[in-house]
Structures are given as structure tokens and as C-alpha cells.
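Chains as they are written, first to last, in our numbering: chain G, 2 to 329; chain X, 8 to 374.
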């Protein structure tokens, strides 16, 4: 707003004219101010209305099943028994698998682009990585079914199961059919990678030059400079980027539904199929007619809503911490 | 700097949202396009709207387009799923609904516009598709065996009960990998209705519904999700709609019917199932009937009607008349285009009964 007012102050030849214009713009300013305030308030109001709507619709399910809704594995629509534990577990585990795979990759991309890449390579690679975020998720799902899944089943899973020690652990147990927590996690990793790498890249590039020069002046190699001076400086921002990726992974629906196998079970093995909350809602909502069934799906939505709110809260807090550190 | 990245991400996010919504609304635009051929009457709006099952969408969309060309009536049918169609009809936001599963008494009681008529339109069937590279002739299965496989009681392809029905087929000790639909669907309803009818253990366990608590197996989304899984993995057994199996040339099992015959799913054997079941219906039936495991030597046992749902009292006289006229046309001339789209037409005897039933619809406010 101060920027918009500046030209008025600089055209200072005619006092009366300026006064009139300032007065006129004062009305304009207040209209503008109230309009933008109203627009801004729309967003939290919508959020609150969604929370109320979802909460109200979910209430019958929470009332009927209580805490058991969160801990039971029974999801049996014909008999009106609903427990969302496998979906909650699957949402969290598939997102963790995604982050475990995506974070090192994304960080590598970000460090390469900010520290090593020659300028002619930096922009094209950054653009292509960002472009991953533009691919519709159903396309990822199709690619996952026809390319990724057979590859996982025929190559990756036998390899993992054949590893010494790790291969015998509960993580890689059971037959490899294809649809699995691993497949869902991997597709999610590809989908969240651009978010993490873009935020990390910008945070790394924002690290002051003096920080790098100081490290080099103390005799650090380039690697030591990056590991000890640049990355720690940008740490909070990078964590913020990871949390953003986590938020996206938690809510992703279509690609995961197509790859996870959609089975209500909790299994330690990454080869086993599972379920996620977003998939459950997408799968069952269209054909749900029973009141309790609809309410249970809404309750799943409420749980997912709360989970993503928490994740976003953490992201905000981290961003706040980064800006506070930058100021001090 | 961060800002520019966020813009990129926001733009990318927006693109994907646009792309997604594009693919999501494809069905709706298709139906809108189908209902407005060039010969359409010059009237601006839509005459009738309906919503419901996706399974009969191809035939309904053809009927709507043909009828528009003939009578100049525009009908908009949204394939949002049977459950959504029932909810919208209950609220009165559409003129007719469509469902693969009959409405329950409870659902009927919640309808705001009074009693609802179920009008069967065409027949569909659920077929079992499998991936056994060594088996060349169609596999023979019985209801009890299918139920026990889907219950997890039969786990190997060379189980003695399967082998006894398939003399000469090369069945190895391969694990049976069960594939079912992950999302709520009329196909699952028909399949589970059949298993409930033939297997007491299934009836006492998972029961029937559009979504179930599956004892074993993997969930695939849609017919394509199930068949994709079956095609890719040897040893799988799944179920899909007949039309889908025919169009994709899937290996399909013969199923033993109530008369003890092994019947391949086909238009004729499905219509035969309906004919067998309809003979036993009382004149006052509301057509909310199951035709799974139907009598008749040629009947394919996993068959079902799909229904149009309409209010018996049509408060809006103009709309009510158009709706009745459309349904009369669909049940007579319309039936002729069913087979070409892999739907089984209704048996002729039933068509005549249904026309009488349509005459019972009261048009206008007098009731």
C-alpha cells in the first residue's frame, strides 16, 4: 500500500490538486482495504466451515465407535462396522517411505544445483525437476501400474528379499505381487521430490556468500564448506521443505489408490498391500448409501484433516524459526 | 528468490489441478456432448436430468443420444455411481436415478418424493477372469469353489476340488492370488450377492454389499484396475463386468449354474437367466429381484438387472410425461441396441410387463 501511495507524493507541483487526489484516494484506500480484508477473511472462514461440516458429518461415527475407530482394523460396510487403523497406518507409512527415498535425492539435486551446477545447466535441470510437480497424479498412477509395478515385482523385490540380514527382516517379508506399500511409497517419493528440492534449492542459494567465504578462508574444502557451513545454515528451511512434501504425500489420492492394493490390513512388510485414508474416501464415497458408512468416511476425512493441519502447523513453525534466525 | 520458486510450484500445482479436474469431468462432458447432437431441438435447456450407476452408462448414453435425435428431448445423465444416484433421487435433485443394486426399504423410506418404482432396463453379468498361462481351455468353476477361494479356504490352483471340475487342465501348485474391486461398485454387489446365495459360509461371513470386508486378496480400482492386475500376475483370479471382459479379450471361466451345467457368460445365457427368474415373479412384484443362480439349463448364474429409479408420482406433469415416454421408447426400440454394446436385452415377456408398469406412473399433481 505504501508503494501505491508513493507516486502521489512525488508529483508535488500543485498543492490543491494533490490534496484532492489524496482525499479521493483515501476513500479508495479504505474501500480497497475493506475489500482485501474481506477476501483475506474468506479463507479462514471457509477453513472453519469445512472443519465444522466435516466434524458434524463425522460425529455419528465417532459417537458409535469412539476411540475404537482409530484403533480397530475392522472395515466392514455390509455389517456397519468401521475402524480406520489400517488406513491411518498406511497413510503414515507410505508417506514415511516416500520421504526416506525422496529426501536424500531431493537434497542431492538441491546441493548440486546451488553449489556445483554450471549456470547453463542449472536452469534447465531446475525447471525439469519442478515440472515433475505438474504431472497429473492419475498419469503417475498409470505409469506406476504398467511400468513401475512389474519392475518392482520382477527385479527390485527379489533383490531386496535376497539381501543378507536386511532381506530376512520383517520389512521385506512375504510374496511380491506388485501392489504394495513399497510401490505406493516410491510413486509418492517421485511426486514429492520437486517440492522438497525446490524449497531446499532456494534456501541453499539464500545462504549468505560470507558464510561460504568464511568457511573457505578457514581452510575448508568445498565439501566441508557445504557440509559444515552451508547446509547447517539452511537446515530449518530444508526441514520446512520436507514437511511440505510430507503434507503432499499424506493427501495424495489417485496414484496411491492405483498402486497400494487397497487392503485393510496392517503389515510390517513393505511388500504387502495396504490402504490410505485418502484412497479409502475416494474408493467408497461414490457408492456409500448407509448413514453410518457415510459418516465413517467423513470421520476418516476428519482424521486426515487434523493430521495435515498438524503437519502444516509444524511447517509454519519452522518457517517462523528460519526467519527469526535470519534476522538475528 | 523463494517467492519465484513458490510461484513455480503454485503454477505447477494449478496445472495439475486443472489437468485432474479435466480428467474428472470427462464423463460429464461426454454425456453433455452425447445429449446434444446437431439435430437437437432448438430448445436451450436440458429436459430431464438423471444420475447414477456407471455400469449402464454406455447404453444409457446411446439411448439418450438416439432419443434426442428422434424426439428432440434432451436428457443429461451423470454417471456418478449408484449410491450418488440414489442420494440425489432421494433429495429430488434429479428426475430419475439409476442403480445396479435395488434400493433397500430404508433407502426408499428416505425418498422425499414418495414411492419409487424400479424399472429394469438391461442385464449385466459378472465374469471370473484368471491368469493361468498353462491352461488353454476355459476353466470350470462352481459357486462353492469360488466362494471358498475368495474366503481364503482354497489357496492353490491344484486343489483337488478345482482339479475335479477341470480334467485335463494343467493346474500346478501355484498360489491363487485373489483380486477384487477396491472401490464401491455394483459389480461387487452382484458378485457378493451370488456368493451369498450359493455359499452359507460366505453369507455368514462377508455377506453382500457394494464394498465388503474381504478375507483375502488385493484391491484394484475399477474393472481396468482388476484386469490390469490379473493380466500382469500369473496365478490371479478376479471378477469384472462381462462387457469389459469381452472388449479386452480376457480369459473367462465357465460357472456351474443351478441346473448343474457349466455356462460361459454370453448375451444369450444372461437373458436366459432373466427369463428363468422372471417366470416365477408374482404379478405384483416391484422388480427389486435378484436373478443370481437363476433356474434354467442355459442360465449364466452371476447375472443381474440394472434399474432406472423413478418416482411413482411425477409432480411436474411436463417432465413426468417426457420421462415416461423416454422409458417406453428405451424398453422397446432401445433394447435393440443393447447387444451391440455387450449388454443383454430384457426377455420379451418382461418388456411387456414393464410397459404396463410404466402406465401406473401418475403424472401431475393429482394423487
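Even for Gly, the Cβ is constructed at its ideal location relative to N, Cα and C.
Residue 312/G carries a helical assignment under DSSP once its states are collapsed to helix, strand and coil. Against chain X, the CB of residue 84/G has no partner CB under 7 Å away; the residue lies outside that interface. Annotation for residue 103/X: the continuous beta strand (DSSP E) segment containing it runs 103–106. Residue 150/X and residue 308/X do touch by the CB rule: their CB atoms are close to 7 Å apart, below 8 Å. DSSP places residue 261/X within a strand segment (E or B) once states are collapsed to three. Unbroken alpha helix (DSSP H) runs of no fewer than 4 residues, entirely contained in the segment 206–285 of chain G, are found at 210–218, 232–252, 255–261, 278–285, following chain order. Any Cβ of chain X closer than 7 Å to the Cβ of residue 256/G would place that residue at the interface, and such an atom is absent.
Among the bridge pairs identified by DSSP, residue 269/X is matched with 263/X. The three-state secondary structure of residue 132/X, taken from DSSP, is strand.
Contact fails between the segment 159–170 of chain X and the segment 259–274 of chain X, because fewer than three Cβ pairs, one in each stretch, are under 8 Å apart. For the segment 213–227 of chain G, the set of residues with a beta-carbon nearer than 8 Å to any beta-carbon of chain X is empty.
At a cut-off of 7 Å, the C-beta of residue 225/X has a neighbouring C-beta in chain G. When DSSP assignments are scanned along the segment 179–229 of chain X, the uninterrupted stretches of beta strand (DSSP E) that are 3 or more residues long and fall wholly within it turn out to be 184–188, 225–227. The Cβ of residue 228/X sits closer than 7 Å to at least one Cβ of chain G. The residue from 140/G, 236/G, 231/G, 131/G with its alpha-carbon nearest to that of residue 254/G is 140/G.
Annotation: the segment 24–49 of chain G contains no complete segment of the beta strand (DSSP E) (minimum length 3 residues).
Counted as a single uninterrupted DSSP element, the alpha helix (DSSP H) harbouring residue 97/G occupies residues 86–112. Across the structure, residue 55/G and residue 213/X are spaced so that their CA atoms are roughly 29 Å apart.
Note on the segment 300–347 of chain X: whole alpha helix (DSSP H) runs with a minimum of 4 residues are 324–339, in chain order.
Counting C-beta atoms within 10 angstroms of its own C-beta, residue 363/X has fewer than 16 neighbours from the protein chains shown and is therefore classed as exposed. For residue 179/G, the chain X residues whose C-beta falls within less than 8 Å of its own C-beta are 236, 239, 240, listed in chain order. DSSP places residue 56/X inside the beta strand (DSSP E), whose first and last residues are 55–59. Secondary structure note for residue 84/X: its beta strand (DSSP E) is the uninterrupted segment 82–85. In the three-state reduction of the DSSP assignment, residue 99/X falls in the coil class. Using a Cβ distance threshold of 7 Å, residue 131/X and residue 248/X count as a contacting pair. In the structure shown, residue 76/G adopts extended strand secondary structure according to DSSP, grouped into three states. Proximity to residue 93/G across 313/G, 305/G, 318/G peaks at 305/G, based on C-alpha coordinates.
Residue pairing from DSSP places residue 248/X in a beta bridge opposite 133/X.
Here DSSP, grouped into helix, strand and coil, assigns residue 157/G to helix. Using a Cβ-Cβ cut-off of 7 Å, residue 38/G does not count as an interface residue toward chain X, since no Cβ of chain X sits closer than that to its own.
Nearest Cα to residue 97/G within the set 32/G, 319/G, 157/G, 244/G: 244/G. Taking CB atoms only, residue 59/X has no neighbour in chain G less than 7 Å away.
Relative to residue 151/G, the option among 271/G, 260/G, 292/G whose CA is nearest is 260/G.
Rounded to the nearest angstrom, the gap between the Cα atoms of residue 137/G and residue 193/G is 13 Å.
For the pair residue 169/G and residue 201/G, the Cα-to-Cα distance works out to about 36 Å. Straight-line spacing of the CA atoms in residue 242/G and residue 310/G works out to 16 Å.
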